[in-house]
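The listed protein sequences correspond, in order, to chains A and B.
Per the working numbering, the first sequence starts with residue 14, numbered consecutively.
Per the working numbering, the second sequence starts with residue 14, numbered consecutively.
To keep things clear, I will list the structure first and then write my remarks on it.
Protein chains: 2
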Amino acid sequence: MTEYTIRQVADKTGLSMHTIRWYERIGLLDEIERSTDGRRRFGDRDLDWLDLLVKLRATGMPVAQMQRYTELVRAGAATEPERLRLLAAHRERVLADLATQRECLALLDYKIMTYGGTPRERHRPKEDQ
Amino acid sequence: MTEYTIRQVADKTGLSMHTIRWYERIGLLDEIERSTDGRRRFGDRDLDWLDLLVKLRATGMPVAQMQRYTELVRAGAATEPERLRLLAAHRERVLADLATQRECLALLDYKIMTYGGTPRERHRPKEDQ
DNA sequence: GTTTGCGTTCGAGCGCGCTCCAGCACCTAC
DNA sequence: GTAGGTGCTGGAGCGCGCTCGAACGCAAAC
Chain A
14 MTEYTIRQVA DKTGLSMHTI RWYERIGLLD EIERSTDGRR RFGDRDLDWL DLLVKLRATG
74 MPVAQMQRYT ELVRAGAATE PERLRLLAAH RERVLADLAT QRECLALLDY KIMTYGGTPR
134 ERHRPKEDQ
Chain B
14 MTEYTIRQVA DKTGLSMHTI RWYERIGLLD EIERSTDGRR RFGDRDLDWL DLLVKLRATG
74 MPVAQMQRYT ELVRAGAATE PERLRLLAAH RERVLADLAT QRECLALLDY KIMTYGGTPR
134 ERHRPKEDQ
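So this is what it looks like as structure tokens:
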């Protein structure tokens, strides 16, 4: 039953303390436990949840959709089919995005080669410039 | 020596006509040729360049950096080493981003499987309902 | 007792990347 | 002549996702 300050959570998640508080305000987090003087004390469960949020954001899910998902989770097991649909749809978008990225990467590699660099040996010093 | 209206270019690139004009205004495009009545007539070279811009944006390059790159290209062959550096750095970011995306995708897949196979959830905002 | 450090709230502000609008100009068809 | 379609310009506005600031509270250190 480890507890963390908001600062520690910020460090662990890569979010800013501001953002974490904002996430709570807009309903992405359940009310966080407080210590006697009113400071947030995050538990492991909170960290896990934040971790999921961070990954959803990192894959481009809009905040509004994360709110929707959060609501569904809060609403209980009956919403699992819809949660599944939501995540599956998001997964499709991520896959599509990955494909696009790879495609663009190919052009990038090509251009880098035409400039005389070799993508696979890019860390070499400028010996062949 | 094909020519295209801004509408055709918008269709081909997926950008809006507004965005294309804006790109020109902020210096991402060289001045585009005009027909006698002042309308833009894009050539194949313009399309190629726009295509690069679109791909750079699609991989998350900030507009400011595209402006920088454009300046370098305009400044002539002497800037090729710096262009190379810029593109190579961007390539690294794209690779890192791809890695992140794949990682997040794994969690997504896992969660989707748990919704398909098990009733209980592992992550949740807080307590069971 | 006061300074320092860390946290709190609430609301305002910001940076980015567009997006839209008003008002105008031109060309073609009717 | 006029209606409709297309495009022009300059500038204002917008949605998103934070980000910051002011004013405050508590508590340990000096």
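Note that beta-carbon positions come from the ideal geometry of N, C-alpha and C, so glycine has one too.
For the pair GLU105(A) and VAL67(B), the Cα-to-Cα distance works out to about 21 Å.
The Cβ atoms of ALA101(A) and ILE125(B) lie closer than 7 Å to each other. Here the alpha carbon of LEU97(A) sits roughly 15 Å from the alpha carbon of MET74(A).
Annotation: the segment 57-119 of chain B contains the following complete segments of the alpha helix (DSSP H) (minimum length 4 residues), in chain order: 57-71 and 76-87. The criterion of a C-beta distance shorter than 7 Å is not satisfied by GLN78(A) and GLY40(A). Restricting attention to GLN114(A), HIS103(A), THR32(A) and VAL107(A), the CA atom closest to the CA of LEU108(B) is found in GLN114(A). Membership of ASP24(B) in the alpha helix (DSSP H) is indicated by the continuous run 19-26. Not one beta carbon of chain A lies nearer than 7 Å to the beta carbon of VAL76(B). With a threshold of 16 other beta carbon atoms within 10 Å, HIS103(A) meets it and is buried. Chain B places no beta carbon closer than 7 Å to that of THR92(A), leaving this residue out of the contacts.
Between the segment 49-59 of chain B and the segment 16-32 of chain B, the count of C-beta pairs closer than 8 Å reaches three or more; the two stretches touch. DSSP places ARG38(A) inside the alpha helix (DSSP H), whose first and last residues are 30-38.
Under the 7 Å criterion on CB atoms, LYS25(A) is classed as non-interfacial with respect to chain B. Taking 7 Å as the Cβ-Cβ cut-off, the segment 49-74 of chain A approaches chain B at ARG58, ASP61, TRP62, LEU65, LYS68, ALA71 and THR72, given in chain order. The criterion of a C-beta distance shorter than 7 Å is satisfied by LEU63(B) and THR26(B).
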